[in-house]
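There are 6 protein chains.
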Amino acid sequence: MKELFIKETITYDGRQLSSHWAYRNFGIQGESIVSFRGPCRVELTEMVDIKDVLSNSPIFSTDMLHFIIEHFDLDLEKTIVRQRLLIATLKDIITEKSGAVLSRYGDDLFFQNRKLTVSIATLTPVSTMIHTGVNVTGKDAPVPAIGLAEIGLDPEEIEDVGRSLLSEYVKEYEQIKMARCKVRGVR
Amino acid sequence: MKELFIKETITYDGRQLSSHWAYRNFGIQGESIVSFRGPCRVELTEMVDIKDVLSNSPIFSTDMLHFIIEHFDLDLEKTIVRQRLLIATLKDIITEKSGAVLSRYGDDLFFQNRKLTVSIATLTPVSTMIHTGVNVTGKDAPVPAIGLAEIGLDPEEIEDVGRSLLSEYVKEYEQIKMARCKVRGVR
Amino acid sequence: MKELFIKETITYDGRQLSSHWAYRNFGIQGESIVSFRGPCRVELTEMVDIKDVLSNSPIFSTDMLHFIIEHFDLDLEKTIVRQRLLIATLKDIITEKSGAVLSRYGDDLFFQNRKLTVSIATLTPVSTMIHTGVNVTGKDAPVPAIGLAEIGLDPEEIEDVGRSLLSEYVKEYEQIKMARCKVRGVR
Amino acid sequence: MKELFIKETITYDGRQLSSHWAYRNFGIQGESIVSFRGPCRVELTEMVDIKDVLSNSPIFSTDMLHFIIEHFDLDLEKTIVRQRLLIATLKDIITEKSGAVLSRYGDDLFFQNRKLTVSIATLTPVSTMIHTGVNVTGKDAPVPAIGLAEIGLDPEEIEDVGRSLLSEYVKEYEQIKMARCKVRGVR
Amino acid sequence: MKELFIKETITYDGRQLSSHWAYRNFGIQGESIVSFRGPCRVELTEMVDIKDVLSNSPIFSTDMLHFIIEHFDLDLEKTIVRQRLLIATLKDIITEKSGAVLSRYGDDLFFQNRKLTVSIATLTPVSTMIHTGVNVTGKDAPVPAIGLAEIGLDPEEIEDVGRSLLSEYVKEYEQIKMARCKVRGVR
Amino acid sequence: MKELFIKETITYDGRQLSSHWAYRNFGIQGESIVSFRGPCRVELTEMVDIKDVLSNSPIFSTDMLHFIIEHFDLDLEKTIVRQRLLIATLKDIITEKSGAVLSRYGDDLFFQNRKLTVSIATLTPVSTMIHTGVNVTGKDAPVPAIGLAEIGLDPEEIEDVGRSLLSEYVKEYEQIKMARCKVRGVR
C-alpha cells in the first residue's frame with residue numbers, strides 16, 4: 001500500500017471519491033492513501049451518503065485536511081471497519097499532537113460536542129474507497145464544529161497529522177496482512 | 001449480535017477459542033461477544049499464534065478480563081480489522097474509567113511500556129473468532145506487564161470495563177451493518 | 001430485515017428495481033421487502049432480463065401485487081436461490097388462501113397453464129434485488145395469464161397475500177441467518 | 001451437477017455427510033445429489049446440529065428416503081437457502097404423488113402436525129453439504145412422526161419421489177446458473 | 001462454458017468488451033469464449049487500461065484474430081490469472097502451428113522483440129471479461145509488431161489458431177472445475 | 001510474496017503440504033514459494049488427490065525438484081488456475097534451459113509421452129497450497145516417466161530451473177496484483 005502527501009491545495013468536491021483517482025492524477029497504481037489540504041464543497045448530486053441527501057445536509061468546510069483511500073477489493077463492510085479503525089488512529093494522532101481529548105462516535109470525531117470530521121466509505125465498480133476530512137477551522141460549518149487550528153495546531157503540525165496518519169495506516173495495513181498469515185485454524 | 005457478561009470465574013486455556021463456545025456453554029446462538037474474568041494459561045499445544053509457538057512464548061496471567069467474539073463469516077482479514085477496532089475501543093474505555101493514557105500498537109495495549117493485553121484472531125471451520133485478555137494484575141507475567149488493578153481500577157470498575165466494551169462493540173457492529181446500506185456506489 | 005406494506009397504488013415501471021429504493025422513498029434503511037399494488041408497465045429500455053429484451057417481450061399488467069426485495073450483498077446466484085424460495089413460499093400462501101392448486105416452474109407460478117407471476121433478480125452496484133409481480137387480473141396480458149381476483153380472492157385477501165409473504169420471507173430470512181450458526185463443520 | 005439413485009439399502013449414520021462421499025463411494029466427481037433408502041441412526045458424536053446435541057435429541061428412523069447433496073463452494077448461508085428450496089420442491093413432489101397436503105416450516109415438512117423429515121446443512125473443508133431424510137414410516141420415532149408409507153405411497157412410488165427430487169433439483173440448479181447470466185445490472 | 005468461432009469480419013472497437021455481448025449478439029447465454037477476425041481500433045474513451053490512457057497509447061491493428069471471454073463471477077484477480085493462462089496456451093498453439101518460438105511477458109506475446117498481441121481483463125457489473133487480440137499483420141502498428149501472417153500462417157491456419165484456443169480454453173476450464181472437486185483438505 | 005531455495009535435500013512425503021510449513025520451518029511468514037530437491041514418497045494416507053487414492057496410484061520418485069506454494073486466501077479454484085499458470089511457466093523455463101520441447105496437459109508436463117511432473121493444489125483451514133514435483137530422474141517411477149537429468153540438465157542447471165521458477169512466479173504474482181488496479185469497469 002502506497003502513501004502520498006500532496007503539498008498543493010485541492011478542493012474536495014466529491015469527484016475525488018472515484019476509482020483510480022490517485023493513479024489518474026498522481027501516477028500511484030495500487031492500494032493507496034493520499035492526503036492534502038483544501039476546502040470541502042460537495043453538491044447534493046455528488047453526495048454518496050443517502051442519509052445526508054434525504055436530510056438535505058450539505059457537506060461544507062472552508063478548510064480541511066483530507067484523506068482519500070482506495071482498496072482493490074469489493075467488500076464494503078470490510079472497508080467500513082477499516083474506516084472506523086482509521087478514525088480511531090486519527091483520534092490518537094491528534095490527541096498526541098494537540099493534547100485535546102476527542103470522542104469517537106462511529107466514523108465521527110468530536111471535541112466538546114463540536115464536530116471535527118466528516119467521513120464516508122463506498123464502492124466503485126473495481127474497488128472500495130474512503131474519504132475523511134478533518135476541519136482545520138470549524139467556522140461557517142453547517143453544524144457546531146471545530147477545527148485543528150482551533151484546538152491549537154499550526155499549519156506544520158496539521159501537515160504532520162496528515163503524514164502521521166498516512167504512515168500509521170500503511171503500517172497497520174501491512175501488519176494486518178501479515179497477522180492473517182501467522183495463525184493456525186482451530187476447531 | 002449478542003452480548004453476555006459472565007460473573008463466575010473461568011480459566012482461559014485456549015479451548016474457549018473454538019466454534020460455538022458461547023452457544024454450547026451459554027445457549028447464545030449467533031454472533032456474540034462474551035466477557036468473563038479469570039486466570040489465563042495457554043499450553044503450547046493450544047496456542048494458535050505460530051509466532052508465539054516458534055519463539056516458545058507462553059501466554060500466562062494470574063488474573064485477566066477476557067473477551068471471546070465469534071463472527072459467522074470466514075474472512076480472517078476482516079476479523080483482524082475488527083480486532084484492531086476492538087482494541088482501540090477498549091483503549092478509550094479504560095482511559096475514560098482510569099485516566100491512564102495507553103498506547104495501542106496493533107492488537108496490543110501498553111501503559112508506560114508495560115503490556116496490558118494479549119489478543120489473537122483466528123478461523124474455525126464455520127466462523128472467525130477473537131480472544132482478548134486484559135491483565136488485572138501484571139505480576140508473574142512472562143514480560144514486563146501491568147494490570148487494570150495497578151492502574152487504579154477496583155473489581156467493580158473492571159467489570160464495568162467488560163460490560164462497556166460488550167455494549168460498545170455490539171453497537172458499533174450494528175452501525176457498521178447499517179452504514180453498509182446507506183451509500184450509493186460511485187464511478 | 002424490514003418489511004413494509006404500502007396501501008397506496010404505485011405503478012411498477014422498472015425504476016423501483018434500483019438500489020436504496022425503499023430507503024429513498026420510505027426511509028427504510030437496510031435489507032427490506034416491500035409490497036404494494038398497482039399496474040405494471042416496463043419499457044424495453046428499463047428491462048433487465050436480456051432474454052425478454054431479445055425476444056421483445058414487454059412486461060405488462062393492468063393490476064398486480066408487487067414485491068421489491070433488497071439484500072446488501074453482491075452474490076447474484078444466492079439471490080436467485082432466494083427468489084425461487086420466495087416464489088415457493090408465495091405459492092403456498094396463495095394456495096392456502098384460495099384453495100387454487102398452482103405449479104411452480106423456476107421463478108414462475110402457473111394456474112392451469114396460465115401465468116400468474118413475473119419475477120426478476122439482479123445486481124445493483126451495492127446490493128442484489130428481486131422484483132416479483134402477481135397478477136390481480138390476467139386480462140390484457142401479452143401471454144395467457146390469470147390473476148388473484150380470477151382465482152377468487154377479494155381485495156382484502158389480496159392484501160393479506162402481500163402481508164403474509166412479507167412476514168414469511170422476513171421470518172425465514174432470520175431463521176436462515178440463525179441456522180448458519182448452529183452447525184459444526186464436518187470432514 | 002450429477003444425480004444418482006442407489007437401489008441398495010444404506011444406513012444413514014452421519015458419516016455420509018462428509019466431503020466427496022459420492023466420489024469416494026460411487027465415483028461421482030463434482031457437485032452431486034444422491035438418493036437411497038435405509039434406516040437412520042445418528043449417534044450424538046456424529047451429529048452436526050448443536051441444537052440437537054444440546055437438547056440431547058437423537059436422530060432415529062427405522063426407514064427413510066435419504067438425499068445427500070454436495071456443492072463445491074464454501075458459502076453455508078447459500079447452501080441453507082438451497083436446502084429450504086429443496087424442501088419446498090420435495091413438498092410439491094410428495095403432494096403431487098400422494099395428494100397429502102403438507103406444511104413446510106423452515107427445513108421441516110409436517111403432515112397434520114406430525115414430522116415427516118429431518119434435514120441439516122453444513123460445511124466441509126472443501127464444500128457445503130445437505131442431508132435430508134424423509135420418513136418411510138413414522139413408527140418408533142422420538143417425536144410424533146409420519147412416513148411416506150403412512151400417507152399412502154408404495155415402495156415404487158417412494159423411489160419415484162426420490163428420482164423426481166433428484167431430477168428437479170439438478171434442473172433447478174442448472175436454471176439458476178443460467179439465470180445468473182441473463183440480467184444486466186441496474187443502478 | 002460455450003465456444004463460438006464467427007466467420008464474418010468484426011471490427012473490435014472496445015464495445016465488444018461489455019457484459020452479455022455474446023448473448024445479445026449471438027444468443028450464447030452463460031460463460032463463453034468467442035473468436036473472430038477483423039481490424040482493431042479502440043478510441044481513448046473506450047479504453048479500459050488506465051495505463052494506456054495515461055500514456056496516450058492507442059490500440060490499433062489493421063487485422064487481428066480476436067478472443068472475447070466472459071465469466072459470470074466478480075473476482076477480477078482470478079480472471080487476470082485466467083488471462084495469463086490463456087496467453088500461455090495461445091503461445092503453445094501458435095508455436096505448434098508455426099514453429100515460431102515466442103516469449104510471454106505477463107499478458108503479452110513477443111516474437112523476436114516484436115509484439116504479437118494485446119490483452120486486457122476487466123469487470124462489468126455482472127461478470128469479468130477478457131479481450132485478447134493477436135496481430136495478423138504487424139504493419140502500421142504503433143509499436144514494433146509482428147503478425148501471424150508474417151510468421152508464416154495462412155488464413156486457414158489462423159482460423160485454426162482461433163478454433164484451437166477456443167476448445168483448449170473450454171477444456172481447461174472444465175478440468176479446473178473438476179479438479180476443484182477431487183482433493184481433500186489438509187491441516 | 002517471498003521466495004526461498006533450500007540447498008539441503010528434503011524428502012517430500014506430503015506433510016510439507018500443510019499450512020505455514022514455510023513459516024514453521026524456515027521463518028517465512030506470508031505468501032511464499034519454496035523450492036528444494038529430494039526424493040518423493042507419499043503414502044496413501046497422506047495423499048490429497050482422491051482420484052489417486054481411488055486408483056491406488058502411489059506417488060514416488062527417487063529424486064525430484066520440488067515447489068511448495070502457499071496463498072492466504074480460500075478460493076481453491078483460483079489456486080488451481082494459478083497452478084496451471086505455474087506449470088506453463090515451468091514448461092517455458094525447462095525448454096529454454098534444455099531445448100527439450102514439452103507438452104502441458106492440465107497440471108502435467110510430458111516429454112515424448114513420458115511424465116515429467118506431479119502436481120496438486122488443495123485447501124488448508126487458513127490458506128490454499130500447491131505442490132509441484134519435477135522428476136530429476138524418471139527411473140523407478142510407477143508410470144513411464146522422464147527426468148530433468150535425462151533431458152540433459154546437470155545439477156547446477158536443475159537448481160537454476162528451481163530458482164528461475166521462484167523468481168518468475170513471484171514476479172508474475174506481483175504483476176497480477178498490479179494489473180488488478182489499472183482497469184476501469186465497463187458496462
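Chains as they are written, first to last, in the UniProt record's numbering: chain C, 1 to 187; chain V, 1 to 187; chain L, 1 to 187; chain F, 1 to 187; chain S, 1 to 187; chain U, 1 to 187.
We treat Cβ as the ideally placed atom computed from N, Cα and C, and that holds for glycine.
Give me the residue from the options with the minimum Cα distance to residue i.
| i | options | result |
| --- | --- | --- |
| I33/L | T45/L, S61/L, Y173/L, T117/L | Y173/L |
| E43/C | I69/C, F26/C, R15/C | R15/C |
| K91/C | K177/C, F60/C, L54/C, L109/C | L109/C |
| V118/L | D52/L, E31/L, N25/L, E77/L | D52/L |
| T62/U | N56/U, K78/U, G38/U, L85/U | G38/U |
| R41/V | L148/V, I10/V, I87/V | I10/V |
| R104/C | A88/C, S98/C, Q112/C | A88/C |
| T122/C | S57/V, N25/V, M178/V | M178/V |
| P58/C | D140/C, K171/C, N113/C, V183/C | D140/C |
| V183/S | L54/U, Q112/U, K171/U, F111/U | L54/U |
Which whole-angstrom value describes the C-beta separation of residue i and residue j, a residue pair presumed to lie in contact below a C-beta threshold of 8 angstroms?
| i | j | result |
| --- | --- | --- |
| H20/C | I50/S | 5 angstroms |
| K115/V | P144/V | 7 angstroms |
| I120/U | H131/U | 5 angstroms |
| F60/S | P142/S | 6 angstroms |
| G162/F | E150/F | Not a contact, Cβ separation roughly 17 angstroms. |
So which residues of chain U does residue i contact, with C-beta pairs closer than 7 angstroms?
| i | result |
| --- | --- |
| A88/S | L85, A88 |
| L74/V | L74 |
Can you tell me whether residue i is buried or exposed? The criterion is at least 16 other CB atoms within 10 Å of its CB, across all chains shown.
| i | result |
| --- | --- |
| L74/F | buried |
| K7/C | exposed |
| Y169/V | buried |
| R187/C | exposed |
| G27/L | exposed |
| E96/C | exposed |
| S127/S | buried |
| D107/S | buried |
Do residue j and residue i count as a contact pair if the criterion is CB distance below 8 angstroms?
| i | j | result |
| --- | --- | --- |
| Q83/S | C181/F | no |
| N135/C | M64/C | yes |
| L4/C | M129/C | no |
| H66/F | Y12/F | yes |
| A22/V | I68/V | yes |
| G185/L | T124/F | yes |
| S164/L | I93/L | yes |
| E157/U | I176/S | no |
| G133/F | S98/F | no |
| L85/S | L85/U | yes |
Can you list the residues of chain S that residue i reaches, using a CB-CB cut of under 8 angstroms?
| i | result |
| --- | --- |
| P125/L | P125 |
| D151/U | It is worth fixing the name first, because residue 151/U is Ile in this sequence and not Asp. Correct list: empty, because the minimum Cβ distance to chain S is about 17 angstroms. |
Name the chain F residues whose beta carbon is nearer than 9 angstroms to that of residue i?
| i | result |
| --- | --- |
| M178/S | Q29, G30 |
Along chain L, in chain order, which residues have C-beta atoms closer than 9 angstroms to that of residue i?
| i | result |
| --- | --- |
| L54/C | Y23, R24, G27 |
Going along chain U, which residues have a C-beta under 9 angstroms from residue i?
| i | result |
| --- | --- |
| T45/S | By Cβ distance, chain U contributes nothing, its closest Cβ being about 11 angstroms from T45/S, past 9 angstroms. |
Going along chain S, which residues have a C-beta under 9 angstroms from residue i?
| i | result |
| --- | --- |
| I130/L | Going along chain S, no residue has its Cβ under 9 angstroms from I130/L, so there is no contact; the nearest lies around 15 angstroms. |
Going along chain V, which residues have a C-beta under 9 angstroms from residue i?
| i | result |
| --- | --- |
| H20/U | I50 |
Starting from residue i, find everything on chain U with Cβ-Cβ shorter than 8 angstroms and list it in chain order.
| i | result |
| --- | --- |
| V183/C | V126 |
| Q175/S | G106 |
According to a CB-to-CB cut-off of less than 8 angstroms, which residues of the stretch 107-126 of chain S neighbour chain A?
Of the chains in the structure shown, none is chain A; the protein chains are C, V, L, F, S and U.
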